[in-house]
Structure formats: C-alpha cells, structure tokens
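J.: Questions regarding the structure given below will be posed in turn.
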Amino acid sequence: MVSLRCKMMVKEELKKLKIRFANIQLGEVELFEPLTVDQHDQLQKNLRKSGLELLDDKKTILINKIKSLIVEMVHYTDEVPKVNYSDYISEKVGYDYTYLSNIFSEVTGITIQQYIIIHKIERVKELLLYDELNLSQIANLLNYSSVAHLSNQFKKITGLTPSYFKAMKRRREINLDDL
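With the UniProt record's numbering, letter number 77 in the sequence shown gets 77, and the count goes up by one each step, no holes.
This is how it looks when you write it as structure tokens:
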C-alpha cells in the first residue's frame, strides 16, 4: 500500500515537471531522456516535500532495493520464502550475492544477515503484541529452525526473552485499566 502511494506521488511530480517517463517501479523510474540540472534539482526538492528522496548513487539505489525487499519479505508477505535468503535476494535484485553483501556492509556498516535478523525480530515483536499466534507458530511463520533459535535471537537483539516482552505488554494493559 505504501509503495503504491509513493509511486503515485512520484508520477504526479514527474507530470508536474513535464518529465517524460516510460515506467515507474519501486525505487526506480525509467526516463525517456536524461534530466536537466534544473529538472533534477526541482524534482529532488518536490520529492523531499513529500518525504521521498531522489537517489543518484548506484550503490545507494542497490542498498535501498535490498532493504525494501527485506522489509517486504519479512513484514508484508504472509509467508517468508522457504528458499535461502541469499538466493532470494540475489535473484530478485539481479546481482551475485557476494557482491551485494560486500556493498551492503560497506555502505550500512552491518551485514544483510544482521539486517534481516533485526527485521525478523521486529516482526516477532509485532506478532507477540497482536497475541494471535504462539511462539511456535511465529517461529514456523518466520522460518526459524526452532523456538529456541528464535528466543536466542530475540534476547540477543532486545535484551529480553519473548515471554518477558509479552508479559510487559500485559502489565501495561493492566496498568492502563487501573487508570
């Protein structure tokens, strides 16, 4: 939903500036001709007002594609792909995983795997707060090899066990009810 809204905003800005484009994809716009300096500056200014950013650097564009793919994969799909993440990312982005991994680490200071883990733990937190699935179901949904593996990663990232995190939520609800 967010990507569709962003796509529409970019499309509107391009039309306002009379910039001819062939195609708009998440994070990419295919233009019929290169932008003039004035068009570039105006487009960048207009996109910033909308909370968007014009990226020119190929590495930055590639990193953002990887990040978007991971966020989409972990947070917005019903089921995390069963294939190896490195194969999935490499296939979707169209580059060798070693190359992607090196650029990602160089630019962000963390590995792709660390980025995936951070987002998986954020997803676990969301699912725990919704209180619709138990920990075994969450581990299965996010392709953890076991509940213990999920719990260890959760504690390493948050400093809390999943059960303590969930108990904190319950305590907050009880305290709010007392108000």
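Backbone N, C-alpha and C fix where the C-beta goes; we use that ideal spot for every residue, glycine too.
Quantities reported herein were computed from a predicted structural model and do not represent experimental measurements.
(1) Tell me the DSSP secondary structure of Phe21 in three-state form.
(2) What did DSSP end up calling Leu100 once you bin it into helix, strand or coil?
(3) Since Glu28 sits in a beta bridge, which residues does DSSP pair it with?
(4) Just the C-alpha distance for Val2 and Met168, rounded to the nearest angstrom, thanks.
(5) How is Glu91 classed by DSSP in three states: helix, strand or coil?
(6) Which residues mark the beginning and the end of the alpha helix (DSSP H) in which Leu150 is found?
(7) Would the stretch 29-47 count as touching the stretch 6-20 if we require 3 or more Cβ pairs under 8 Å?
(8) I need the straight-line Cα distance from Leu35 to Ser68, nearest angstrom please.
(9) Where Phe154 and Phe165 are concerned, what is the direct C-alpha to C-alpha distance, given to the nearest angstrom?
(10) Are Val93 and Ile66 closer than 9 Å when you measure CB to CB?
(11) Is the beta carbon of residue 180 less than 9 Å from the beta carbon of Leu142?
(12) Could you tell me if Lys58 is buried or exposed, where buried requires 16 or more neighbouring beta carbons within 10 angstroms of its beta carbon?
(13) Terminal residues of the continuous alpha helix (DSSP H) containing Thr36?
T.: Answer, in terms of the structure:
(1) In the sequence shown, the residue the question calls residue 21 occupies position 21. Note: Phe21 maps to strand in three-state DSSP.
(2) Taking the sequence shown and counting its residues from 1, one reaches residue 100 at position 100. Here Leu100 sits in helix by DSSP.
(3) Position 28 of the sequence shown, counted from the first residue, corresponds to residue 28. In the DSSP output, where bridge partners are listed per residue, Glu28 has Gln25.
(4) What you label residue 2 is simply residue 2 of the sequence shown in a count that begins at 1. What you label residue 168 is simply residue 168 of the sequence shown in a count that begins at 1. Any reading at Val2 needs caution, since the residue's pLDDT is 49, under 50, leaving its predicted position unreliable; the model's value is listed next. Those two C-alpha atoms are separated by around 30 Å.
(5) As a working note, residue 91 is residue 91 in the sequence shown. Correct three-state label for Glu91: helix.
(6) As a working mapping, residue 150 is identified with position 150 in the sequence shown. Where Leu150 is concerned, the enclosing alpha helix (DSSP H) stretches over Val147 to Thr158.
(7) yes
(8) Residue mapping note: residue 35 aligns to position 35 of the sequence shown, counting from 1. Residue mapping note: residue 68 aligns to position 68 of the sequence shown, counting from 1. Leu35 and Ser68: Cα-Cα distance of roughly 25 Å.
(9) For the purposes of this step, residue 154 is identified with residue 154 of the sequence shown, where counting begins at 1. For the purposes of this step, residue 165 is identified with residue 165 of the sequence shown, where counting begins at 1. Those two C-alpha atoms are separated by around 10 Å.
(10) Within the sequence shown, the letter at position 93 stands for residue 93. Within the sequence shown, the letter at position 66 stands for residue 66. Yes, Cβ-Cβ distance for Val93 and Ile66 is below 9 Å.
(11) Here the chain covers residues 1 to 179 and nothing more, so residue 180 does not appear.
(12) Mapped onto the sequence shown, residue 58 falls at position 58. Exposed, since its Cβ has fewer than 16 Cβ neighbours within 10 Å.
(13) In the sequence shown, counting from the first residue as 1, residue 36 sits at position 36. Note, Thr36: premise wrong, no alpha helix (DSSP H); not H, not E.
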